[in-house]
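Novice:
2 protein chains.
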Amino acid sequence: MAATALRESTRDAILDATDRLMARFGFRKMTMDDVAKEAGISKRTIYLYFASKEDVGLSSIGRVVAHVLDELQVIAAADLPTDERLRRVLRHRVLGRIERVKEYAHSLDELFEAVRPAYMARRRQVFEGERDLIAGLLPDNPAASQTAEALLLATNAFLPYSLTVRELGSPESLAARLDSMIETLLHGALAPNQKANLS
Amino acid sequence: MAATALRESTRDAILDATDRLMARFGFRKMTMDDVAKEAGISKRTIYLYFASKEDVGLSSIGRVVAHVLDELQVIAAADLPTDERLRRVLRHRVLGRIERVKEYAHSLDELFEAVRPAYMARRRQVFEGERDLIAGLLPDNPAASQTAEALLLATNAFLPYSLTVRELGSPESLAARLDSMIETLLHGALAPNQKANLS
Numbered sequence: 001m002a003a004t005a006l007r008e009s010t011r012d013a014i015l016d017a018t019d020r021l022m023a024r025f026g027f028r029k030m031t032m033d034d035v036a037k038e039a040g041i042s043k044r045t046i047y048l049y050f051a052s053k054e055d056v057g058l059s060s061i062g063r064v065v066a067h068v069l070d071e072l073q074v075i076a077a078a079d080l081p082t083d084e085r086l087r088r089v090l091r092h093r094v095l096g097r098i099e100r101v102k103e104y105a106h107s108l109d110e111l112f113e114a115v116r117p118a119y120m121a122r123r124r125q126v127f128e129g130e131r132d133l134i135a136g137l138l139p140d141n142p143a144a145s146q147t148a149e150a151l152l153l154a155t156n157a158f159l160p161y162s163l164t165v166r167e168l169g170s171p172e173s174l175a176a177r178l179d180s181m182i183e184t185l186l187h188g189a190l191a192p193n194q195k196a197n198l199s
Numbered sequence: 200m201a202a203t204a205l206r207e208s209t210r211d212a213i214l215d216a217t218d219r220l221m222a223r224f225g226f227r228k229m230t231m232d233d234v235a236k237e238a239g240i241s242k243r244t245i246y247l248y249f250a251s252k253e254d255v256g257l258s259s260i261g262r263v264v265a266h267v268l269d270e271l272q273v274i275a276a277a278d279l280p281t282d283e284r285l286r287r288v289l290r291h292r293v294l295g296r297i298e299r300v301k302e303y304a305h306s307l308d309e310l311f312e313a314v315r316p317a318y319m320a321r322r323r324q325v326f327e328g329e330r331d332l333i334a335g336l337l338p339d340n341p342a343a344s345q346t347a348e349a350l351l352l353a354t355n356a357f358l359p360y361s362l363t364v365r366e367l368g369s370p371e372s373l374a375a376r377l378d379s380m381i382e383t384l385l386h387g388a389l390a391p392n393q394k395a396n397l398s
């Protein structure tokens with residue numbers, strides 16, 4: 001195994017352990033000793049990969065986001081009409097994140113509470129990647145990038161960070177509300193024949 | 200002065216003092232002693248109105264939101280075409296809040312950080328009031344309430360809570376981005392002749 005792959009696999013093993021601990025105990029109670037024990041790796045090694053518990057938490061979020069961005073690139077390149085790819089990208093950027101955190105969804109509030117300032121600083125870069133991907137699916141016009149930003153910020157409303165765990169509700173009701181928003185975004189609230197999308 | 204009016208004016212005086220202190224020192228450093236001194240009211244009296252410093256912070260946010268909701272009701276009843284009232288309501292629900300907190304905008308991150316769980320619990324009720332007001336301006340259809348929720352959640356992206364102070368940017372650039380989102384929301388990202396709204 002090449003050195004980079006080994007590094008990646010150790011890093012992933014630590015983050016996998018973190019995700020399991022967040023599912024079991026939550027982020028606040030979790031200690032770096034717990035992470036080391038759960039991962040079967042010495043604490044000293046863990047500190048080679050992560051600067052702090054906060055860094056571990058942020059990196060767990062970062063890994064979710066990176067995986068979802070990969071998936072969005074696949075969806076954006078699929079052999080489907082452009083409006084359908086756009087719809088699926090907007091849907092998956094939310095539901096893909098939620099699917100990946102579902103085992104520890106009950107711990108997300110305290111995770112975000114603990115890492116909010118650093119999280120806010122990092123997320124801009126992620127959003128820029130998503131914005132460019134979305135802009136590429138919009139009708140070609142000078143405002144495409146700005147419209148893409150609007151679509152991004154609008155659907156952000158359904159990300160775990162924006163809603164509390166309780167507000168997120170069941171995956172089904174969230175998906176229905178998200179779909180309703182996406183249709184509004186694509187066709188406009190004033191469209192005369194806006195499809196009723198009741199769940 | 201009637202007892203209720205006196206209560207209101209004492210309460211307002213305490214919150215005015217809080218807002219000034221947040222402008223000067225931020226929320227974290229502010230103590231209840233500071234609030235008492237700044238308001239010229241005994242600390243004992245302050246505790247008749249507010250349970251804790253967190254309660255004072257939440258109530259300051261609550262007062263902003265209540266004022267804006269009053270203003271939205273006036274806009275929603277104005278003698279203007281419905282789509283223009285809708286546009287102005289969506290715009291003012293964001294810019295009205297920002298205008299009212301501008302003196303202590305630099306302290307909002309730490310205020311929200313301190314009160315996040317309680318704030319999340321309270322805001323649902325506010326949003327329901329705004330949703331119903333917006334639904335009343337939409338073309339009459341069975342999905343109006345759901346569409347109104349989408350408009351609400353989408354424009355929430357520009358509220359001080361969702362963006363850090365730095366991300367909020369200048370009032371002008373924020374207003375331009377908000378306007379772009381509102382046009383997308385009203386007419387749809389796929390509308391063939393979407394107006395370019397570059398700033």
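Chains as they are written, first to last, in the working numbering: chain A, 1 to 199; chain B, 200 to 398. Glycine included, each C-beta is placed from N, C-alpha and C at the ideal position. The model shown is predicted, which means the values in this text are computed figures rather than measured ones.
Are the region 117 to 132 of chain A and the region 320 to 328 of chain B touching by the rule of at least three beta carbon pairs closer than 8 Å?
Specialist: Touching, no, given that fewer than three Cβ pairs across the two stretches are closer than 8 Å.
Novice: Can you name the residues of chain A whose CB is closer than 7 Å to the CB of residue 305 of chain B?
Specialist: Simply none; closest approach about 14 Å.
Novice: Using 10 angstroms around the beta-carbon of residue 259 of chain B, count the other beta-carbons present and answer buried if the total reaches 16, otherwise exposed.
Specialist: With 16 or more Cβ atoms within 10 Å of its Cβ, residue 259 of chain B is classed as buried.
Novice: To the nearest angstrom, how far is the alpha carbon of residue 28 of chain A from that of residue 110 of chain A?
Specialist: For residue 28 of chain A and residue 110 of chain A, the distance between alpha carbons rounds to 7 Å.
Novice: Does the distance between the C-beta of residue 147 of chain A and the nearest non-hydrogen atom of the ligand GDP fall short of 7 Å?
Specialist: You won't find the ligand GDP in this model; it holds no ligand whatsoever.
Novice: Have a look at residue 96 of chain A and residue 216 of chain B and give me their C-alpha separation to the nearest angstrom.
Specialist: Whole-angstrom Cα-Cα distance: 45 Å.
Novice: Please determine if the region 183 to 192 of chain A and the region 339 to 353 of chain B are in contact, where contact requires at least 3 C-beta pairs separated by less than 8 Å.
Specialist: These segments touch.
Novice: What did DSSP end up calling residue 228 of chain B once you bin it into helix, strand or coil?
Specialist: In the structure shown, residue 228 of chain B sits in coil (DSSP, three-state: anything other than H, G, I, E or B).
Novice: So which of B/223, B/203, B/230, B/240 has the shortest CA-CA distance to residue 213 of chain B?
Specialist: Checking every option, the nearest Cα to that of residue 213 of chain B belongs to B/240.
Novice: Suppose contacts are defined by Cβ-Cβ distances below 8 Å. Is residue 212 of chain A in contact with residue 135 of chain A by that definition?
Specialist: Outside the displayed range of chain A (1 to 199) lies residue 212 of chain A, so it cannot be described from this structure.
Novice: Determine whether the Cβ of residue 181 of chain A lies closer than 8 Å to any Cβ atom of chain B.
Specialist: So, interface residue.
Novice: For residue 324 of chain B, return the contacting residues in chain A, with the cut-off set at a CB-CB distance below 9 Å.
Specialist: Simply none; closest approach about 12 Å.
Novice: Take residue 225 of chain B and list the residues in its own chain whose beta-carbon comes closer than 6 Å to its own, dropping the five residues that flank it on each side.
Specialist: Same-chain partners within the cutoff: 306, 309.
Novice: Measuring CA to CA, which of A/112, A/83, A/6 is closest to residue 57 of chain A?
Specialist: Ranking A/112, A/83, A/6 by Cα distance to residue 57 of chain A puts A/112 first.
Novice: Can you give me the C-alpha to C-alpha distance between residue 331 of chain B and residue 275 of chain B, rounded to a whole angstrom?
Specialist: Cα to Cα, the separation comes out at about 11 Å.
Novice: Taking DSSP as the reference, what is the three-state secondary structure of residue 341 of chain B?
Specialist: Residue 341 of chain B: coil per DSSP, three-state reduction.
Novice: For residue 273 of chain B, does the count of other Cβ atoms within 10 angstroms reach 16, so buried, or fall short, so exposed?
Specialist: The residue in question, residue 273 of chain B, is exposed, as its Cβ has fewer than 16 Cβ neighbours within 10 Å.
Novice: Below 8 Å between beta carbons: does that hold for residue 286 of chain B and residue 277 of chain B?
Specialist: It is not a contact, given that the beta carbons lie outside the stated cut-off.
Novice: Measuring CA to CA, which of A/34, A/21, A/157 is closest to residue 98 of chain A?
Specialist: Answer by Cα proximity: A/157.
Novice: For the alpha helix (DSSP H) holding residue 188 of chain A, just list the boundary residues, first then last.
Specialist: No alpha helix (DSSP H) contains residue 188 of chain A, which DSSP labels as neither H nor E.
Novice: Between residue 345 of chain B and chain A, is the shortest Cβ-Cβ distance under 8 Å, so that the two count as touching?
Specialist: Yes, its Cβ sits closer than 8 Å to a Cβ of chain A.
Novice: Give the residues of chain A in contact with residue 282 of chain B, contact being defined as C-beta atoms less than 7 Å apart.
Specialist: Chain A residues near residue 282 of chain B: 190.
Novice: So with Cβ pairs under 8 Å, would you call residue 116 of chain A a contact of chain B?
Specialist: By this cut-off, residue 116 of chain A is an interface position.
Novice: For residue 396 of chain B, does the three-state DSSP call read helix, strand or coil?
Specialist: Caution is warranted here: a pLDDT of 43 is assigned to residue 396 of chain B, below 50, making its placement in the model unreliable, and the coordinate value is therefore given only provisionally. Residue state, collapsed to three classes: coil.
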